[in-house]
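Protein chains in written order, with the working numbering: chain L, 13 to 342; chain H, 13 to 342. Glycine is no exception: its CB is placed at the ideal position from the N, C-alpha and C atoms. First up is the structure itself, then whatever we jot down about it.
Number of protein chains: 2
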Amino acid sequence: MNALACDVGGTNTRMGLVRDGLLLADSVAIYRNDDFPDFYAVATAYLARTGLAAVDTVCIALASVATAEGATLTNRDWTISRSQVLATCGAARVGFINDFEALGFSLGQAARLETTCLTGGLTGGLTKGAGANEGAPRLVMGAGTGFNAAAWCPSRFGGAPHVVAAECGHMTLALAGEDEFSLQQALSRINGRASVERALSGNGLVAIYNWVCARHGAEARFSHGAEISSRAVERSDALCGEAAEMFMHLLGRVAGDLALAYLPYDGIYLSGGVTRALGPLLESEPAFLRAFTAKGRMAELMEQFSIHLLSDDASALHGCAEWVRLSSAA
Amino acid sequence: MNALACDVGGTNTRMGLVRDGLLLADSVAIYRNDDFPDFYAVATAYLARTGLAAVDTVCIALASVATAEGATLTNRDWTISRSQVLATCGAARVGFINDFEALGFSLGQAARLETTCLTGGLTGGLTKGAGANEGAPRLVMGAGTGFNAAAWCPSRFGGAPHVVAAECGHMTLALAGEDEFSLQQALSRINGRASVERALSGNGLVAIYNWVCARHGAEARFSHGAEISSRAVERSDALCGEAAEMFMHLLGRVAGDLALAYLPYDGIYLSGGVTRALGPLLESEPAFLRAFTAKGRMAELMEQFSIHLLSDDASALHGCAEWVRLSSAA
């Protein structure tokens, strides 16, 4: 049985073939959306490339609210409808899932993903080596254009695992102490309240950087998250470094809070463009892990989680493959 | 097949009989733990009362970390071991679940629970009547001695529903603005940081009340949460009323944040001693719902959740019954 996995972003669309519920690694192709009039044209081009006339199942992951009938992209005026996908791909079945749900499903195949462990060893928790814990949930979270998370929970009763979808970027950002109170004022000046993604996103890193500059009476020289993160990683600009440190501190706190919400004793995976850009600092600096474990008398429990950087560009496609596997078995 | 459901608290133990995965309502009995040397003596007394020599399955819910082999109560020096439960009850199987997991499982039988809807009508969301949404998750949370939550998620692939266990009381309390910053200072003075349950618990209500009194330069006259909540509900003490209002405001915010974490479009259930004591105010005052929906551009989404007060003393026993049903089917 052949299936088509699609990860439709605002800029690029990735596609890959799925066989027996697994993504064929050398089948992955990436297309610039600007080169195509619509999603169906991308799918047609990909199928022509593979030499397949049709696939049985299509799974489409996208940054949008999807129903069974389809979805409209958030950042591009593409509408993708169930009926037209079925017609284009000769398929019997199509599933639409949110991009973070796809990352959640990918955790069912975590061993196939490209990851780096931030905590003691490949399977270890922070101090206890108790991280890998079969039968326990896993959690993925990411800061990029926005912030979100998804939990993967194995069944207790022998059935298919469950993926918990969320809108964690809109949760209230938890800040504490005088410094952070000042940051809270800065973040909420424009929008009335400060959500998690007001800080933990590309724009959030810029907002934190502007706050750092204002406190130092310095002029803000950069206006894109990528400029700030690269200078922080290169250690070529102290203000960018300070902004990155606060970002990692807040990411650690939020990651810890979400760990308490889902108890992912089988691993936490950090994804997203900003997180990945700051990867070298997350590995070398204590800010993230220190904030992650700072949960009062739960500190010891926090040290049992293993934390991984998820650097696999095909994560969402692996998630589509897992969705195909589970929905075929159902 | 007979099964025994047990809800073991620090003070009382509730027991009930389960048949075909449902709690027999008139079988429920409550025992004072002080009257018994150990859990096994309670079980023996209950079985004698029912006239049953043995049951097939036992499910024990308790406020403790439980393993498959048993648990030790947090607030009483009772250890409950798997082997001794099996021997005492002549059972073939015993399951230990956390008390909040039990509430999570009870949501699989939500129609059997005693509840009051805080939002527009029995199945309606805040404004849209879109609350009841079969196939979507449900969420229970409660403030009592501590705070916690559990999510119930139906399977997307036809299997058993999943219950997400959590430690939400230890998440960081999200506070915003100058007033709350002053509260944050007060709450974290003793313990360094302010967790959710530092505010949203019986002791938390006292801490908020002390903060209110200090701001008014008034003497704090009450030192128990129940005194404060009853005076707030009777409207006989303005400072208690102000403390209750801040409590409901923070409960609304945390409930909204947890709604974003689990997307429980099929209903949110508020449980716990303090929440129940404040029930009349939760129904009549806007503080809770106003804070619940205050999520910026997600406000419209927030209005789709239906919110219920869960006032059923046998909720955890219903949850044990649902656990028996699911584990028997597996």
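Under 9 angstroms (Cβ pairs) to chain L, residues found in the segment 155-179 of chain H: Listed by position along the chain: ALA161, ALA163, CYS165, PRO166, SER167, ARG168, PHE169, GLY170, GLY171, ALA172, PRO173, HIS174, VAL175, VAL176, ALA177, ALA178 and GLU179.
Opposing strand residues paired with VAL218(L) [DSSP bridges]: Under the DSSP definition of a beta bridge, VAL218(L) lacks any partner.
Minimum length 4: unbroken alpha helix (DSSP H) runs contained in the segment 70-104 of chain H: 94-101, all fully within the segment 70-104 of chain H.
Residue from LEU34(H), HIS228(H), TYR277(H) and VAL54(H) with nearest C-alpha to GLU146(H): Distance check between GLU146(H) and each of LEU34(H), HIS228(H), TYR277(H) and VAL54(H) places TYR277(H) closest, using alpha-carbon atoms only.
At least three beta-carbon pairs within less than 8 angstroms, the segment 224-241 of chain H to the segment 172-183 of chain H: Flag = no, the segment 224-241 of chain H and the segment 172-183 of chain H do not touch.
Stretch-stretch touch, CB-based, cutoff 8 angstroms, three pairs: the segment 300-311 of chain H with the segment 98-108 of chain H: Note that the segment 300-311 of chain H does not touch the segment 98-108 of chain H; fewer than 3 beta-carbon pairs, one per stretch, sit closer than 8 angstroms.
Residues near ASP19(L) in its chain [Cβ-Cβ closer than 6 angstroms; skip 5 each side]: Within the same chain, ASP19(L) has close Cβ partners ARG26, ALA73, ALA328 and LEU329.
Cα-Cα separation between GLU315(H) and ASN14(H), rounded to whole angstroms: If I take the Cα positions, the gap works out to 42 angstroms.
Alpha-carbon to alpha-carbon, ALA186(H) and TYR43(L): Distance from the CA of TYR43(L) to the CA of ALA186(H), rounded to the nearest whole angstrom, comes to 41 angstroms.
Closer than 8 angstroms to chain H by CB, SER283(L): Any Cβ of chain H closer than 8 angstroms to the Cβ of SER283(L) would place that residue at the interface, and such an atom is absent.
Anticipated Cβ contact below 8 angstroms, GLY344(L) with ALA122(L), distance rounded: Summary: the structure shown does not reach residue 344(L), with chain L confined to residues 13 through 342, and so no result is reported for it.
Any 3 or more C-beta pairs closer than 8 angstroms across the segment 329-338 of chain L and the segment 67-84 of chain L: These segments touch.
As assigned by DSSP and simplified to three states, the class of ASP191(H): In the three-state DSSP reduction, ASP191(H) falls in the helix class (H, G or I).
Outcome for THR23(L) when other beta-carbon atoms lying within 10 angstroms are tallied against a minimum of 16: So THR23(L) ends up on the exposed side.
Three-way DSSP call (helix, strand, coil) for TYR350(L) in this model: Outside the displayed span of chain L (13 to 342) sits residue 350(L), for which this structure offers no information.
ALA17(L) at chain H interface by Cβ criterion, 8 angstroms: For ALA17(L), no CB of chain H lies under 8 angstroms from its own CB, so it is not counted at the interface with that chain.
Every unbroken alpha helix (DSSP H) within the segment 251-329 of chain L, with a cutoff of 4 residues, ordered by chain: Entirely contained in the segment 251-329 of chain L, the alpha helix (DSSP H) runs reaching 4 residues are, in chain order, 285-289, 291-296, 299-305 and 311-314.
Opening and closing residue of the beta strand (DSSP E) in which ARG31(H) lies: Per DSSP, the unbroken beta strand (DSSP E) holding ARG31(H) starts and ends at 24-31.
Against chain H: residues of the segment 110-123 of chain L by CB proximity under 7 angstroms: Those residues of the segment 110-123 of chain L that come within reach of chain H (Cβ to Cβ, closer than 7 angstroms) do not exist; the list is empty.
Which residues DSSP lists as bridging ILE240(L), in chain order: ILE240(L) is not bridged to any residue.
Contact set for ALA57(L): own chain, Cβ-Cβ below 8 angstroms, skip 5 residues either direction: Around ALA57(L): TYR43 and PHE48.
Delimiting residues of the beta strand (DSSP E) encompassing ALA161(L): Counted as a single uninterrupted DSSP element, the beta strand (DSSP E) harbouring ALA161(L) occupies residues 159-165.
Close beta carbons around GLY133(L), own chain, < 6 angstroms, minus the five adjacent residues each side: The predicted model places GLY133(L) with a pLDDT of 44, which falls under 50 and marks its position as unreliable, so this point remains unresolved.
DSSP bridge partner residues for CYS18(L) (one or two, in chain order): Partner(s): MET27(L) and ILE72(L).
Own chain, CB closer than 7 angstroms to LEU59(L), minus 5 neighbours either side, in chain order: If we look at LEU59(L) and ignore the five residues flanking it on each side, its Cβ neighbours are CYS101.
ILE109(H) versus LEU16(H) - alpha carbon distance: If you take the alpha carbons of ILE109(H) and LEU16(H), they lie about 14 angstroms apart.
Closest Cα partner of GLY158(L) within the set LEU294(L), THR287(L) and ARG124(L): By alpha-carbon distance to GLY158(L), the top candidate from LEU294(L), THR287(L) and ARG124(L) is THR287(L).
Distance between beta carbons of GLY331(H) and GLY21(H), contact taken as under 8 angstroms: Actually they do not touch by this definition, with Cβ atoms about 14 angstroms apart.
Interface flag, TYR274(L) vs chain H, CB-CB below 8 angstroms: It does; some Cβ of chain H falls within 8 angstroms.
Sub-8 angstroms separation of THR128(L) and LEU321(L) beta-carbons: Taking 8 angstroms as the Cβ cut-off, THR128(L) and LEU321(L) qualify as a contacting pair.
Length of the line joining the Cα atoms of SER76(H) and ALA114(L): Cα-Cα distance, rounded: 34 angstroms.
Short CB-CB distance (under 8 angstroms) between PHE234(L) and chain H: Under the 8 angstroms criterion on CB atoms, PHE234(L) is classed as non-interfacial with respect to chain H.
Chain-ordered chain H contacts of SER194(L) [CB-CB under 8 angstroms]: Here the premise fails: no neighbours, minimum Cβ distance about 10 angstroms.
For CYS225(L): DSSP bridge partner residues: Looking at the DSSP assignment, CYS225(L) forms no beta bridge with any residue, so it has no partner.
Host alpha helix (DSSP H) of THR62(L) (start-end): Residues 51-62.
Residue range of the alpha helix (DSSP H) that includes VAL208(L): Here the alpha helix (DSSP H) through VAL208(L) covers 208-211.
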